[in-house]
Amino acid sequence: MPLSRFRERMASSSRPTSPAANRGRCGIPDCRAPYSDSACGILAPTSRAVFWKACSLKIKRCIEVLAETAPIEAVMVSGNLVNSPASTQMLADILQRAVGAVPGKSPAAVGAALLARRIAGVEVAPDRHMRSQPLTQPHEPTAQVYAGLYRQYLARATLCE
């Protein structure tokens, strides 16, 4: 079904079609922002945005688990996400921390090689590091909305265990 037709059906539907629909179109409880604007102040809710929001919540949980064993120095992203400032901003807001975007063909491979050199005790020349774009800082009011959504996410996640 084309996205435009799906939006029309959702906008005209008086009853939720799934448990997710009970949380509002963008995943925030009681949000009734139309699909064509960002009245909720987050991001125009499209199926892609809702999917990315859910992924970002899971990423936040993974970072919290990793931080239990070692401090997280930075969050860096690569790939197609680098080309979407809105998605990078959403991730920064959900994580409530700065996010760096690293353009390039294989930044993960370069990062793994640099880490391997560090572990092996081989000095890495400073000019060999990949440069990130300026860090995307969280937008505090939006980050607070996402913090509430994250608390709900954690509460629902415990029901699945």
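Everything in the sequence shown is counted per the working numbering, starting at 4 for the first residue and increasing by one.
Backbone N, C-alpha and C define an ideal beta-carbon position, used for all residues, glycine too.
A115 and V148 have their C-alpha atoms roughly 35 Å apart. Straight across, the Cα-Cα distance linking A57 with S135 is about 25 Å. According to the DSSP assignment, A77 belongs to no alpha helix (DSSP H), since it is labelled neither H nor E. Within the segment 60 to 127, the runs of beta strand (DSSP E) at least 3 residues long that lie entirely inside it are, in chain order, 78 to 80 and 102 to 104. Put simply, the backbone Cα of S87 is about 18 Å away from that of A111.
When the alpha-carbon of G107 is set against those of L152, L84, Q99 and C65, the nearest one is in L84. Contact between T139 and A101 holds: their C-beta atoms lie close to 7 Å from each other, under 8 Å. DSSP lists no beta-bridge partner residue for T145.
Pairing G103 with C65, the inter-Cα distance amounts to about 17 Å.
Rounded to the nearest whole angstrom, the C-alpha separation of D96 and L118 is 28 Å.
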